[in-house]
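Visitor:
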Amino acid sequence: MSDTDRVLSNFTQQVQEERTYSERPLRVGIIGTGWIAEAHVESYLKQPDVEIVAMADLIPGKAERFARQYGVDCALYPDHKSMLAAEQLDAVSVCTYNTQHAVCTIDALNAGVHVLLEKPMTATVEEAADIMRAEKASGKLLSIGFQPRMDANMQQIKKIVDSGALGQIYYIQTGGGRRRGIPNSTFIEQRTAGLGALGDIGCYSLDMVLNAIGYPRPLTASGYTSSLFGTSTDYQKPEDAKRFDVDDFAAAFIRLEGGIILDFRISWAMHLDTPGDTVILGTKAALRIPSTECWNGSVGGPMKLYHDLAGQQVETLIPIIPEDESGLFDRKIRSFLDAIIFKLPPPVPSSQILYNQAIINAIADSAREGREVAVHIPEV
Ligand SMILES: NC(=O)c1ccc[n+]([C@@H]2O[C@H](COP(=O)([O-])OP(=O)(O)OC[C@H]3O[C@@H](n4cnc5c(N)ncnc54)[C@H](O)[C@@H]3O)[C@@H](O)[C@H]2O)c1
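Quick note on numbering: the working numbering labels position 242 of the sequence shown as 721, and the sequence is numbered without any gaps.
Dropping the structure here:
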């Protein structure tokens, strides 16, 4: 430690976090051992009250290689059904591609297992409603894996809205985009992903603002989607362009209950760095939330509040709170475990994300039909 660090350390408050863990280890299973399962397992391995007892993947040998990579000695299964039938589990992480989210989550809930489900909730809003019915019938905990919710900057947006500083909110512009950032593998086919950029990163943009304003009911959507980059060999390898059958760009105009307009765009690829910052307009002030270049649902820089003070138009800069991605993921996992242990509400409840999913599907329907549609929200 340098002399300067030694002096500064006198002023740093050492906070020892006092916390309680489960008295017996929670028996956790992993469904789908692909890319995002890595982040789940890395976080579970840090928890003192978790034992990863089983993993399942449809691709022969994949779960075995994955378990070996992490030095996890557990039972391995060729699919989620055989795992749920053979194991007594407390919880699972559903880390499959989107079109398998519903079947895996419903089967796990029906087997009496708590579920942490990756985003987006599902490929269709009907599947999301089916999941919620199983959730209700089982009485088990279900949380949807939106780790940006754990970001202190994201929580700041909600605090600002809740403080009333913006007044009555009437217009929101949200979305984000990548100049070039089309993912590969299972993300670019209907069969596995069900949705493209709209579901993959659009769900984050919607959650950023809808969570802040308390998830009002969506009413109508007029949407547009395209796949001009994903299907083009100018931007994709020929084999990827050939199998690409989801959207890589979406835009929409959505009406929410309470007279709020939501103007949305999202992109995996375009000739622009960002389709714009997120903006929330209210009668007392407006908030600008800078976009990031490689949109991943986070806050791209200091936010700015535009308001009047003593007759002057002023701007207040809201400093960025440093966050790292793995810290957010650890909190996503820990908040799920704590909700199980202490019987707390789900950190990201399905009742909110149903609206997120309903908007996404309404945008896709509207784009297909070429007209404004009512947002369909099934009864649960
Ligand atoms: N929260 C985040 O930051 C984040 C980041 C990336 C991906 N994701 C989400 O995570 C999910 C998975 O993404 P990925 O990149 O890991 O995909 P992936 O294709 O790499 O992995 C999915 C795996 O699930 C397996 N699988 C599918 N159905 C199964 C079943 N019934 N039983 C057992 N295994 C099954 C597949 O064989 C595959 O190996 C997607 O929904 C994606 O949107 C979230």
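Every residue gets a Cβ at the ideal spot worked out from N, C-alpha and C, and that includes glycine.
Sorry if obvious, but does the Cβ on LEU537 come closer than 8 Å to a heavy atom of ligand 1?
Guide: Correct: LEU537 has its Cβ closer than 8 Å to ligand 1.
Visitor: Can you say whether ASP787 is buried or exposed, counting buried as having 16 or more other CB atoms within 10 angstroms of its CB?
Guide: Exposed is the call here.
Visitor: With DSSP as the reference, identify every bridge partner of GLN831, one or two as the case may be.
Guide: According to DSSP, GLN831 bridges with nothing at all.
Visitor: By DSSP, does TYR683 sit in helix, in strand, or in coil?
Guide: Helix, per DSSP.
Visitor: In whole angstroms, give me the CA-to-CA distance for LEU816 and GLY849.
Guide: Spanning the two alpha carbons is a distance of roughly 44 Å.
Visitor: Considering GLY779, what are the terminal residues of the beta strand (DSSP E) in which it resides?
Guide: Unbroken run through GLY779: none, as it is neither H nor E.
Visitor: Residues bridged to GLY693 by DSSP?
Guide: Paired residue(s): none; GLY693 is not in a bridge.
Visitor: Along the chain, where does the beta strand (DSSP E) containing MET534 start, and where does it finish?
Guide: From DSSP, the beta strand (DSSP E) with MET534 extends over 529-535.
Visitor: Could you please give the first and the last residue of the uninterrupted alpha helix (DSSP H) stretch that includes ILE636?
Guide: It spans 631-642 - the alpha helix (DSSP H) in which ILE636 sits, taken as one unbroken run.
Visitor: By Cβ distance below 7 Å, which residues in the same chain neighbour ILE838 in space, the five residues on each side in sequence not counted?
Guide: Excluding residues within five positions, the ones whose Cβ falls inside 7 Å are LEU685, PRO697, ALA700, ILE733 and VAL854.
Visitor: Report all residues from its chain with a CB closer than 8 Å to the CB of ASN632; omit the five preceding and five following residues, and keep chain order.
Guide: For ASN632, where only same-chain residues beyond five positions count, the Cβ hits under 8 Å are SER777, VAL778, MET782, ILE799, ILE800 and GLU802.
Visitor: Report yes if the C-beta of GLN579 is less than 8 Å from at least one heavy atom of ligand 1; otherwise report no.
Guide: Yes, since a heavy atom of ligand 1 falls inside the 8 Å radius drawn around the Cβ of GLN579.
Visitor: Taking the alpha-carbon positions, what's the VAL859 to ASP609 distance?
Guide: VAL859 and ASP609: Cα-Cα distance of roughly 8 Å.
Visitor: Alpha carbon to alpha carbon, what distance is there between GLY624 and LEU807?
Guide: If I take the Cα positions, the gap works out to 11 Å.
Visitor: Bridge partners for PHE728 per DSSP, in chain order?
Guide: Looking at the DSSP assignment, PHE728 forms a beta bridge with SER705 and SER746.
Visitor: Can you have a look at ASP727 and say buried or exposed, based on whether 16 or more other CB atoms are within 10 angstroms of its CB?
Guide: It is buried - the Cβ of ASP727 has at least 16 other Cβ atoms within 10 Å.
Visitor: Just to confirm, is the Cβ distance from ALA542 to THR512 under 9 Å?
Guide: Contact flag set, yes.
Visitor: Quick check on DSSP: helix, strand or coil for ALA608?
Guide: It is helical.
Visitor: Can you tell me the Cα-Cα spacing of ARG813 and GLN791, whole angstroms?
Guide: Going by the C-alpha atoms only, they are around 45 Å apart.
Visitor: Could you tell me the distance, in whole angstroms, from the CA atom of CYS433 to the CA atom of SER664?
Guide: There is simply no residue 433 to check, as the chain begins at 480 and stops at 859 in what is shown.
Visitor: Do VAL507 and VAL529 have their CB atoms nearer than 9 Å?
Guide: Closer than 9 Å, so yes.
Visitor: Can you tell me where the alpha helix (DSSP H) with THR671 in it begins and where it stops?
Guide: Note, THR671: alpha helix (DSSP H), 669-672.
Visitor: Would you say the beta carbon of ASN775 comes nearer than 8 Å to a heavy atom of ligand 1?
Guide: ASN775: yes, Cβ under 8 Å from ligand 1.
Visitor: Could you tell me if the beta carbon of PHE732 falls within a distance shorter than 8 Å of some heavy atom in ligand 1?
Guide: It does not: the Cβ of PHE732 is nowhere closer than 8 Å to a heavy atom of ligand 1.
Visitor: Give me the residue from ALA607, HIS519, ILE739 and SER805 with the minimum Cα distance to ASN577.
Guide: Ranking the options by Cα distance to ASN577, first place goes to ALA607.
Visitor: Between PRO695 and GLY737, how many whole angstroms is the CB-CB distance? I'm expecting something under 8 Å.
Guide: The pair is a contact, with the Cβ atoms about 5 Å apart (cut-off 8 Å).
Visitor: Judging by CA-CA distance, which residue of ALA691, LYS811 and VAL793 is the nearest neighbour of THR757?
Guide: The option with the nearest alpha carbon to THR757 is ALA691.
Visitor: Closest to ALA846 by CA distance: which of LEU677, PRO825, GLY693 and ILE856 is it?
Guide: For ALA846, the nearest C-alpha among the options comes from LEU677.
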